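>
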Amino acid sequence: MNQQKFYITTPIYYVNGAPHLGHAYTSVAADVLARFKRLDGFDVFFLTGTDEHGQKVEAAARAAGIDPQSFTDKVSADFQDMARRMNISNDDFIRTTEARHKASAQAIWLKLQENGAIYLGAYEGWYAVRDEAFYDEEELTTGPDGTKRAPSGAPVEWVIEPSYFFKLSAFQDRLLAYYEANPDFIAPQAKRNEILSFVRGGLKDLSISRTSFSWGIPVPGDEKHVMYVWLDALVNYITAAGYPDLNGPRGGYWPASLHLVGKEIIRFHAVYWPAFLMGAGLALPEKVFSHGWWTVEGEKMSKSTGNFIDVRPLVEEFGLDTVRFFLLREVPFGNDGDFSRKALISRTNAELANGIGNLAQRTLSFIAKNAGGVVPPKGTLHEADHVLLELAAELPEKVRGAMSRLAFHEALDETWKLIRAADGYIDHQAPWALRKSDIARMNTVLFVLAAVLRTVALLLQPFMPGSMAKLLDQLGVAADARQFTALDTALAEGTPLPAPAGLFPRFVEAEAK
RNA sequence: GGCGGCGUAGCUCAGUGGUAGAGCAGGGGAAUCAUAAUCCCUUGGUCGGAGGUUCAAAUCCUUCCGCCGCUACCA
Numbered sequence: 001m002n003q004q005k006f007y008i009t010t011p012i013y014y015v016n017g018a019p020h021l022g023h024a025y026t027s028v029a030a031d032v033l034a035r036f037k038r039l040d041g042f043d044v045f046f047l048t049g050t051d052e053h054g055q056k057v058e059a060a061a062r063a064a065g066i067d068p069q070s071f072t073d074k075v076s077a078d079f080q081d082m083a084r085r086m087n088i089s090n091d092d093f094i095r096t097t098e099a100r101h102k103a104s105a106q107a108i109w110l111k112l113q114e115n116g117a118i119y120l121g122a123y124e125g126w127y128a129v130r131d132e133a134f135y136d137e138e139e140l141t142t143g144p145d146g147t148k149r150a151p152s153g154a155p156v157e158w159v160i161e162p163s164y165f166f167k168l169s170a171f172q173d174r175l176l177a178y179y180e181a182n183p184d185f186i187a188p189q190a191k192r193n194e195i196l197s198f199v200r201g202g203l204k205d206l207s208i209s210r211t212s213f214s215w216g217i218p219v220p221g222d223e224k225h226v227m228y229v230w231l232d233a234l235v236n237y238i239t240a241a242g243y244p245d246l247n248g249p250r251g252g253y254w255p256a257s258l259h260l261v262g263k264e265i266i267r268f269h270a271v272y273w274p275a276f277l278m279g280a281g282l283a284l285p286e287k288v289f290s291h292g293w294w295t296v297e298g299e300k301m302s303k304s305t306g307n308f309i310d311v312r313p314l315v316e317e318f319g320l321d322t323v324r325f326f327l328l329r330e331v332p333f334g335n336d337g338d339f340s341r342k343a344l345i346s347r348t349n350a351e352l353a354n355g356i357g358n359l360a361q362r363t364l365s366f367i368a369k370n371a372g373g374v375v376p377p378k379g380t381l382h383e384a385d386h387v388l389l390e391l392a393a394e395l396p397e398k399v400r401g402a403m404s405r406l407a408f409h410e411a412l413d414e415t416w417k418l419i420r421a422a423d424g425y426i427d428h429q430a431p432w433a434l435r436k437s438d439i440a441r442m443n444t445v446l447f448v449l450a451a452v453l454r455t456v457a458l459l460l461q462p463f464m465p466g467s468m469a470k471l472l473d474q475l476g477v478a479a480d481a482r483q484f485t486a487l488d489t490a491l492a493e494g495t496p497l498p499a500p501a502g503l504f505p506r507f508v509e510a511e512a513k
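When the letters of the first sequence are read in order and numbered with the UniProt record's numbering, they come out as residues 1 to 513.
1. For residue 111, which residues in the same chain have their Cβ closer than 6 Å to its Cβ, ignoring the five residues on either side in sequence?
2. If the criterion is Cβ atoms closer than 7 Å, does the pair residue 308 and residue 23 meet it?
3. Under the rule that 16 or more other beta-carbon atoms within 10 Å means buried, what is residue 428, buried or exposed?
4. Are the CB atoms of residue 137 and residue 160 nearer to each other than 7 Å?
5. What residues are listed by DSSP as bridge partners for residue 94?
6. Looking at residue 16: is its Cβ nearer than 7 Å to the Cβ of residue 57?
7. Taking a contact to mean a Cβ-Cβ separation below 7 Å, would you say residue 503 touches residue 357 in this structure?
8. At the level of alpha carbons, what is the spacing between residue 465 and residue 430?
9. The beta strand (DSSP E) spanning residue 108 covers which residue range?
10. How big is the Cα-Cα spacing for residue 420 and residue 105?
11. Can you give me the C-alpha to C-alpha distance between residue 53 and residue 271, rounded to a whole angstrom?
12. State the DSSP-derived secondary structure class of residue 403, mapped to helix, strand or coil.
13. For the candidate residues 254, 98, 398, 250, whose alpha-carbon lies nearest to that of residue 233?
14. Would you say residue 42 and residue 69 are within 7 Å of each other, going by their C-beta atoms?
15. Please tell me whether residue 165 and residue 119 are closer than 7 Å, where the distance is taken between their beta carbons.
16. Looking at the structure shown, is residue 513 part of a helix, part of a strand, or coil, going by DSSP?
17. In the DSSP assignment, the beta strand (DSSP E) including residue 194 goes from what residue to what residue?
18. Could you give the residue range of the beta strand (DSSP E) that holds residue 133?
19. If you draw a straight line from the alpha carbon of residue 450 to that of residue 474, how long is it in whole angstroms?
20. In whole angstroms, what separates the C-alpha of residue 404 from that of residue 128?
21. As a quick exercise: from 401, 87, 177, 180, pick the residue whose alpha carbon is nearest that of residue 320.
22. Could you tell me which whole beta strand (DSSP E) segments of length 3 or greater appear in the region 329 to 356?
23. Among 6, 179, 83, 228, which residue has its Cα nearest to the Cα of residue 109?
24. If the criterion is Cβ atoms closer than 7 Å, does the pair residue 377 and residue 443 meet it?
25. Taking Cβ to Cβ, would you say residue 239 is nearer than 7 Å to residue 100?
26. Mind checking which residues open and close the beta strand (DSSP E) that includes residue 20?
27. Do you know offhand how far residue 380's Cα is from residue 447's?
28. Buried or exposed for residue 501, please, with buried defined as at least 16 other CB atoms from any protein chain shown within 10 angstroms of its CB.
29. Would you list the one or two residues that DSSP bridges to residue 227?
30. Could you name the residues of the same chain whose beta carbon sits closer than 7 Å to that of residue 217, not counting the 5 residues immediately before and after it, in chain order?
31. Less than 7 Å separating the beta-carbons of residue 399 and residue 407?
32. With 16 as the cutoff for other CB atoms within 10 Å, does residue 513 come out buried or exposed?
33. Give me the Cβ distance between residue 418 and residue 456, rounded to the nearest whole Å; I'm assuming they're in contact under 8 Å.
34. Given a cut-off of 7 Å on the beta-carbon distance, is the pair residue 85 and residue 50 in contact?
35. When DSSP labels each residue in this structure, what does residue 122 get in the three-state scheme?
36. Identify the continuous beta strand (DSSP E) that holds residue 79 and give its terminal residues.
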């Protein structure tokens with residue numbers, strides 16, 4: 001069987017700081033999509049990793065008093081720990097300091113050179129030796145003695161340094177034609193508009209080598225230069241597919257189906273990266289999706305306030321699936337949102353504890369006590385049963401549609417409509433009354449509820465893998481019957497069920513003293 | 001300045017020409033299987049302001065006000 005391939009990536013995270021909520025968000029979103037596609041029968045390759053070169057990393061290592069490689073080893077390990085603790089199902093974790101990546105980046109450089117997309121020129125600008133940085137004319141101030149100074153106060157001088165350039169300007173028309181021919185390449189729409197406007201405004205050639213520091217991949221044939229970090233970094237996506245040998249076991253995954261990125265790096269992925277690929281004669285990714293940023297308790301996360309939050313303590317306190325759910329439920333993907341303790345508690349109590357948790361508990365404990373602890377026999381279906389089952393039968397396509405647009409919150413919203421409908425159904429059918437009057441009818445009602453719960457649990461697996469595995473266990477669904485194809489088969493009557501146990505405890509905030 | 005987005009119930013948002021919607025929060029009632037969870041009913045908006053097109057506008061046009069994003073070579 002030739003499965004359809006789905007290759008999804010997170011950005012590789014820059015190791016000059018520790019992992020925080022923003023990184024976790026991208027990874028969880030990518031993970032949910034990867035899991036969804038696997039359950040839906042795709043051959044998925046899911047990549048994440050760390051971006052480890054560049055001046056900032058070199059400086060951060062120096063500040064920490066260790067060599068850059070030891071420094072990046074440490075920070076990269078922390079990102080890998082976060083991925084593990086968030087239950088991220090990546091198939092590979094790439095580091096740009098790995099030999100396979102150096103080989104790939106140098107190979108693509110040579111290809112670009114061979115294709116005439118690279119030339120040696122000079123980068124000119126106002127440079128502050130003290131800051132080791134270039135500044136724009138507008139950023140400069142004039143000191144009391146009439147000399148130009150950087151915003152930091154450091155003196156600047158006009159520096160001309162040799163640099164290799166990528167002929168980005170030559171790709172403007174081809175990029176615009178590509179955006180035109182592939183209207184969904186950049187999403188959401190507002191970001192596409194920004195990129196279109198940027199590219200239409202004219203592209204300048206891009207300086208793609210540096211001589212002012214050495215922590216990077218050497219330029220082949222001119223080792224005084226290291227490669228510009230973004231060229232180095234972006235290439236990771238194709239390195240993982242085996243480049244320069246795309247005939248290997250993973251070559252079939254290229255081009256990537258989806259690059260998930262934060263909105264601050266959309267340009268690199270939607271302009272530079274496709275241009276590099278065009279220059280190297282390689283296929284372009286199908287889609288780049290830019291998601292929004294989180295504020296925390298209404299405050300922007302920033303270096304100056306130091307209010308970056310690590311999700312790991314939150315996972316300890318609230319549970320992993322609760323945090324995963326909240327991240328994708330609270331805010332439409334693509335929008336900015338606010339992460340507040342109050343919202344996390346009220347959202348998860350209302351929808352997890354009181355919603356699916358309570359529905360599962362009331363159904364399963366009723367079955368355990370009154371239906372012999374097996375999936376009850378289905379009798380004749382009434383109108384109300386058909387209505388609810390029909391709603392459940394329509395859910396997979398609704399969720400699939402939402403997921404294809406990366407509308408996670410919409411997929412969850414549709415699922416919760418069914419959960420609320422099931423709560424209404426159980427109240428109206430009142431199996432606790434049927435227990436005394438009509439056992440066959442009671443069993444039918446319980447069967448319908450169990451069937452609906454199975455549909456919900458199967459579809460929610462990507463979002464909350466641990467909790468939904470528990471729920472499926474409690475519904476007696478075999479481990480090999482949890483792919484989405486199982487949605488087409490009926491729940492087996494008479495299957496013995498284990499004792500039910502709570503899924504999502506209600507969170508009660510400890511009284512402040 | 002240029003380009004783009006947004007402004008709809010207390011909150012978060014859906015709704016792109018045909019009698020204003022959802023969830024949460026608020027109010028009233030019911031039920032008791034369940035994690036005191038659930039169900040039913042309900043309060044609440046001159047859809048940022050003004051003008052225009054149309055038989056009909058939250059939805060199209062003009063203008064004004066407010067908020068936000070992009071406007072490249074640190075990543």
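Heads up, the beta-carbon is just placed ideally off N, CA and C, and yes, glycines get one too. Keep in mind the model is a prediction, meaning the values are calculated, not measured.
With the given structure in hand:
1. 280
2. no
3. exposed
4. no
5. 49
6. yes
7. yes
8. 31 Å
9. Where residue 108 is concerned, there is no enclosing beta strand (DSSP E), although the alpha helix (DSSP H) it sits in stretches over 99 to 114.
10. 52 Å
11. 21 Å
12. helix
13. 98
14. no
15. yes
16. Low per-residue confidence applies at residue 513: pLDDT is 29, beneath 50, and the placement is therefore not dependable, though the value from the model is reported in the following sentence. Correct three-state label for residue 513: coil.
17. It is not in any beta strand (DSSP E) - residue 194 instead sits in the alpha helix (DSSP H) that spans 189 to 200.
18. 133 to 135
19. 10 Å
20. 48 Å
21. 87
22. 337 to 339
23. 228
24. yes
25. yes
26. Where residue 20 is concerned, there is no enclosing beta strand (DSSP E), given that its DSSP letter is neither H nor E.
27. 11 Å
28. exposed
29. 209
30. 53, 102, 105, 106, 226, 227, 232
31. no
32. Annotation note: pLDDT 29 at residue 513 (below 50); position unreliable, no value reported.
33. 6 Å
34. no
35. strand
36. Segment 68 to 85 is the alpha helix (DSSP H) holding residue 79; no beta strand (DSSP E) there.
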